[in-house]
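Chains as they are written, first to last, in the numbering used here: chain E, 339 to 863; chain W, 12 to 300; chain Y, 100 to 432.
Glycine included, each C-beta is placed from N, C-alpha and C at the ideal position.
See below for the structure under consideration.
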Amino acid sequence: MPIKNEKILPALLLTLILLSLMPLPVRADFAQVAIGNDISGKVASPGDLVEFSFTVEKGYNTSKSTSVRLFIKEKPENWTAGIYADGNQISHITLPEKIAEKDLILKVRVPEKVKDGVYPVSIGLKPYGESISKLDPIYREFAVTVARDAMPDLKIYSDFPGKKTHPGIPVRFGVFLENKYESRANFRINLASKPEEWGVDLLSKEGAKITKLGIPAEQNREFEVLVNPPLNAIAGDYEILVAASLEKGNQSVFLPLSVSINPELAKDEDLSAYVELNSKIVGIEIRPEDKAEFTVSIKNRYDQPLKLNLEVLSLPKAWKAEFIMKEEEKGRLSSLRLPAGEEQEFKVKVSPTQNATSGLYPIQIAAISGDKRVSLQLEVGINHDIENEELFRVYPSSSELTLNPGGSAEIRVNIENHGEEELEDISLEINTASGLNTQIRGFGTIEELEAGESRSIPLEITANANAGSGIKEIFIRARSDGRVSSEKSIRVNVEKSSSGGLLGIGMLGFAVFLLVFVIRKFGRR
Amino acid sequence: MKKNNVFVLAQKEAADHLRDPGFLVLLATYTAIIFASTYMYGSMEHQNNSTLLSSINIQMISRFTPLIGIVLGFDAVVREQKSGSLNVLLTHPLFRDNILAGKLLGSMLLAASIIIFSVFVSVGTLLIFFGLELRETDLLRIAAFTLLTFFYVVIFLGIAILISTIVKEATDSLTYNVVIWLFICILFGAILKTLVSIFTGQTPNESVLLTHLLNLSPLHHYGEAIIGRADLSFMGVNMESTIGGIFDTRYSLSQCLREFRMNIIMLILMPVVLFIIDFIAFLRKDLTL
Amino acid sequence: MNMEIRSTELEQNKIKPRTDEFAIETLNLSKSFGKEKEIRAVKNLNLQVKKGEVFGFIGPNGAGKTTTMKMLIGLLEPDEGSGKVEGFDIVREVINIREQTGMLPEPAGFYDNLTARQNLRFYAKLYNIEPDIREKRIENLLETVGLAHAIEQKIGGFSTGMRKRFGLAQALINEPSVLFLDEPTSGIDPLGAQRMRKLIKDLNKSKGVTVFLSSHSMEEVEEICDRIAIISKGKLLVIGSIEELRDIFREKEGIHYLLEIQELSLTEAAKIIKNTEGVNALEIQDRTLRLHAKMNIRTEIAKAIKKAGGTISMFEEEAMNLQKLFLKIIEEK
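Next up, the structure:
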């Protein structure tokens, strides 16, 4: 446990000195009243309320009723002090015949802004009344030592300070903080140390993150420490150190919590503890003819591979939902095997029915392993008012490419008919930047494209030899009779090939070498 | 027996050319022509294929490269015979065929060097100036082109050596060679067109006879194999095949080679046949004075 | 007959090195040209050239000298007959022959655009000669033929004489054992020719190279050749040493003697000699008697003069004009 010895030692020393200086219980034997007290010095933090208990006793063998005036004789500037009996501040007390003594409390409020040091507070007692023979007041001095470094008087503990968990699975500790002061105090709680990459939160019972606790005198308060070990945590024992200190104090008391990582899967844990099913976009609004595509990521937080089946749990009637690998259009995804800690993205393609009415439709998908599942809800909004031009679309297979002058690349342009009618005589209209050439390979036009069908056309883009460097844009759209698709652009970055230049120099070098070689080898006589 | 002697003769033949100022001027001129035409073509826009390949000016190469073969071969035999050095050479331990083999080998070696040199200079320049990309397919096609150009040149070398074996004077040999060059590389298509239309009355471009007759020309095979043009001669026959020769990157190289295999076979066969004729002519001739 | 036996012996000893008395030998070597083979360049030529000798092959232009040489080094194939050079068959082992021989053909051309060194280097490469040996040999050869100063000069600038000498160096590049020289002095001035002849003789002497040279000049052949063959219209007319040729001449033409006699009048002496057997003709020139005899009759004449009391102060055989002889032989046949 890392204890800040440098601060605590002088504080202990100081306390020790003060205690040794503390006057022993004094009795004014021959007086009518006497003050008895056990503790005349206390250590406090700024803002603290320091309480000293003392008793006022009648004098030796006196049974008469005695009255005593109580007053603060001396206190540091800006300090407040008062004498209390049974919770009320008093200035006089009368000890009846039958009562020999009375317990009183001197409460001293330490101001916030005060330097560390020893501050004396003196009280005075002046008996009065007929039976008083000696009227000299009695003084009693108390000392408040303001020490910010003083060890706070608190206790922090947990019923179960050691727990076992799995990588990626959070564990909770109930921690109690006990105020051992006689008065209510505010405590600061914080995390002194934790294993790297671990998530640790200090939470109230209600789940709010907390940093301070206010606790009545001599009571305790429970709070929670939520420990979230990372997925890659290796089996072993880890320690989390929770520190508590007085709000104003510098010294902390520590509670070590130990977490043992056990990579074995607990049978009763929910699958969500191990598998994250997530999508950044959970709601898409489309026309009923269109398809909604959600990109969903699935992550295995467990340290062993998991085989997961993908299923659609709920779907509006007659709708279709499919799982598709990100890159591939063909083939449907039904299950996957995720290595430990890996994340995989896939698409969920939702096809509503053509006659779906406007509205919001939830789709529930799940990853299932055995009899456990993690689910994710997605929402598809059907909106008939979305622009109609999207019924007819072009999609270039890549929207950016880099070419060397003289180089060429072939891309595919996908023409999709999302409408309900067949499209005829579809041609691509290409707007080329200077220095670039495009050539449609194969047949230039598509005679007809059924509703819902798509066709891809290979398009070769060539950069001229003299094309200047820089980014040039090619705009592509498809036209069918009167209909025109929206325009898609392909950005072509023309870069002079430095490797080509080097190769060129190499070739020139070789040519010269060849000439020299031939002349040297064959030119001699 | 003494294979070594073939190489000694080949080396001497090569050295003779390399030390010949006229030959060196021709080499420089040729490289300059190829370089300039490649550079100009390179800066033009090309619709099809690889820019790099399109930049190689086949028309120019097909017309001027044969001159290399002619220069290398036109006086190969007649010069030695005339000077009497052949007379002396024959008294040394070598066979007659060694002499011709050495001359052919030396000249072929130089021809290959010149072609490779000019191709490397041109392509290298294109790469440096235009920052073109050299793809593997381009490289292979350039290699194939270089090889075919070599065979094409060797055809003219064979012709030149044959003429130089037959005639009595080097100047005659040069004249005949230039005439043959003019006929094959410049005028063949135009003459053929004229003749065919005179004798058949058909439009030349549609005549089957014309396509048959074109097969006689090495230029035809060369042009067709490399860029798919049936005739590259001046005002020649304007016919193109669907595949633009081995330079047509729309098709794989093996497809191109298959498509034009007849042309390629002819380009290889022609020099072989010419060489055989060269040897026969040389061996039958009384070379001594 | 004898020849055939030798040739079969040679057949059996094919493994190199073949040692034989003869560097060159031919048997019934024949070659014709023309469509119908109507031009007979060489007819049944039988030759034997000994190792280390300088063999002259003379005849008029078109006699078949060059054709014979070409056949000997495998440039032409004989129609009939066979031949061997250094034991190698002239048809089947041409390359071996060329490895062992050098030839200066006529006409000979070299690479005018190359220097003397570069030319020789090229020929040397054809024999796979090691570069360091090669360069040394090139320098030595050019030194030998007196062209050391022109080693780095282009052949194109050489005079005819220099070309001929360079041609000789070229023929020697492989250190041949047999050297064929086709009219080595043709086209050069007398001084140059003399120098060339000396060179050939020296080569033959110092290196033992068999030299087979053709010429149409009897004088040249007479000067350097050990043996001579005369050929005309493809036929070998005469073969032998100079002396043998002379004997043939004597046999054919008789001998001219010149006599000076003392103590006896010329007319008397003439009478006595006239009566000697074998004397064909006699004439008196001043104080000298010139007589023509069918054969050698020196002793008979000497005896007869002595008997008559005369003293012979001079008795000489008149110098024979081989050139005349050569022409005569050719005319005759």
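Check whether chain W comes within 8 Å of residue i, counting only Cβ atoms and requiring the distance to be less than that.
{"i": "E/P567", "result": "no"}
{"i": "Y/F156", "result": "no"}
{"i": "Y/I232", "result": "no"}
{"i": "Y/A403", "result": "no"}
{"i": "E/V830", "result": "no"}
{"i": "Y/Y356", "result": "no"}
{"i": "Y/N227", "result": "yes"}
{"i": "E/G861", "result": "yes"}
{"i": "Y/I114", "result": "Confidence at Y/I114 is low in this model, with a pLDDT of 37, below 50, so the placement of that residue is unreliable and no value is reported for it."}
{"i": "Y/I237", "result": "no"}
{"i": "Y/K224", "result": "yes"}
{"i": "Y/G208", "result": "yes"}
{"i": "E/I857", "result": "yes"}
Distance cutoff 8 Å, beta carbons only. Does residue i sit that close to anything in chain E?
{"i": "W/A26", "result": "yes"}
{"i": "W/V164", "result": "no"}
{"i": "W/R30", "result": "yes"}
{"i": "W/I315", "result": "Nothing about residue 315 of chain W can be reported from this structure: the residues present for chain W run from 12 to 300 only."}
{"i": "W/L63", "result": "yes"}
Going by the CB atoms, is the gap between residue j and residue i shorter than 8 Å?
{"i": "Y/L146", "j": "Y/E124", "result": "yes"}
{"i": "W/A112", "j": "W/L168", "result": "no"}
{"i": "Y/L174", "j": "W/L101", "result": "yes"}
{"i": "W/S184", "j": "W/V178", "result": "yes"}
{"i": "Y/A403", "j": "Y/I354", "result": "no"}
{"i": "E/P677", "j": "E/V718", "result": "no"}
{"i": "E/I701", "j": "E/S652", "result": "yes"}
{"i": "E/A704", "j": "E/E649", "result": "yes"}
{"i": "Y/V310", "j": "Y/V153", "result": "yes"}
{"i": "E/V832", "j": "E/G861", "result": "no"}
{"i": "E/L540", "j": "E/I548", "result": "yes"}
Tell me, please, which residues DSSP counts as bridged to residue i.
{"i": "E/K338", "result": "For residue 338 of chain E there is no data in the structure shown, the boundaries of chain E being 339 and 863."}
{"i": "E/Y457", "result": "E/V482"}
{"i": "E/L741", "result": "E/V832"}
{"i": "E/R625", "result": "E/R625 pairs with nothing; no bridge assigned."}
{"i": "E/I872", "result": "Limits of chain E in this structure are 339 at one end and 863 at the other, which puts residue 872 of chain E out of reach."}
{"i": "W/K7", "result": "Outside the displayed range of chain W (12 to 300) lies residue 7 of chain W, so it cannot be described from this structure."}
{"i": "E/Q702", "result": "E/S652, E/Q715"}
{"i": "Y/G182", "result": "Y/T125"}
{"i": "W/R152", "result": "Beta-bridge pairing links W/R152 to no other residue."}
{"i": "E/Y466", "result": "E/S405"}
{"i": "E/Q427", "result": "E/Y422"}
Would you say residue i faces chain Y, with C-beta separation under 8 Å as the test?
{"i": "W/V89", "result": "no"}
{"i": "W/L285", "result": "no"}
{"i": "W/V178", "result": "no"}
{"i": "W/N15", "result": "yes"}
{"i": "W/K23", "result": "yes"}
Practice item. Taking a Cβ distance cut-off of 9 Å, strictly less, list which residues of the segment 261-273 of chain Y are near chain W, in chain order. Key: Per Cβ criterion, the list reads G266, Q269, A270, I272, N273.
Practice item. Note down, one range per segment and in chain order, each alpha helix (DSSP H) of at least 4 residues found wholly within the segment 215-282 of chain W. Key: Counting whole runs of 4 or more residues, the segment 215-282 of chain W contains the alpha helix (DSSP H) stretches 219-225, 229-238, 264-270.
Point to revise | Segments assigned alpha helix (DSSP H), at least 4 residues, entirely inside the segment 759-846 of chain E | key: Counting whole runs of 4 or more residues, the segment 759-846 of chain E contains no alpha helix (DSSP H) stretch at all.
Point to revise | Contained beta strand (DSSP E) runs [length at least 3] in the segment 343-388 of chain Y, N- to C-terminal order | key: List check, beta strand (DSSP E) in window: 354-361, 378-384.
**Study point:** Chain-ordered residues of the segment 94-122 of chain W with a beta carbon less than 7 Å from chain Y
**Key:** Cβ contacts with chain Y come from S94, G95, S96, N98, V99, L101, T102, H103, P104, L105.
**Study point:** Residues of the segment 662-688 of chain E with Cβ closer than 8 Å to any Cβ of chain W, in chain order
**Key:** Along the segment 662-688 of chain E, none of the residues has a CB nearer than 8 Å to a CB of chain W.
Check your understanding: Name the residues in the segment 280-299 of chain Y whose C-beta lies less than 7 Å from a C-beta of chain W; which are they?
Key -> Here the close residues number zero.
Exercise for review: Enumerate, from N- to C-terminal direction, the unbroken beta strand (DSSP E) stretches of 3 or more residues contained entirely within the segment 499-573 of chain E.
Suggested key: Within the segment 499-573 of chain E, the complete beta strand (DSSP E) runs of at least 3 residues are 500-503, 509-517, 523-531, 537-541, 550-553, 558-566.
**Study point:** Short-range partners of chain W found in the segment 172-206 of chain Y, where Cβ spacing is below 7 Å
**Key:** So the close ones are I172, L174, I194, R197, E198, M202, P204, P206.
Practice item. Report the residues of the segment 726-748 of chain E with a CB closer than 7 Å to any CB of chain W, ordered along the chain. Key: From the segment 726-748 of chain E, only N742, P743, G744, G745 have a Cβ closer than 7 Å to chain W.
Review point. Which residues, in order along the segment 839-850 of chain E, keep a beta-carbon less than 7 Å from a beta-carbon of chain W?
Key: Sequence-ordered contacts of the segment 839-850 of chain E with chain W read G839, L841, G842, I843, M845, L846, F848, A849 [C-beta pairs closer than 7 Å].
Check your understanding: If contact means a Cβ-Cβ distance below 9 Å, which residues of the segment 178-212 of chain W contact chain Y?
Key -> Answer set for the segment 178-212 of chain W: empty.
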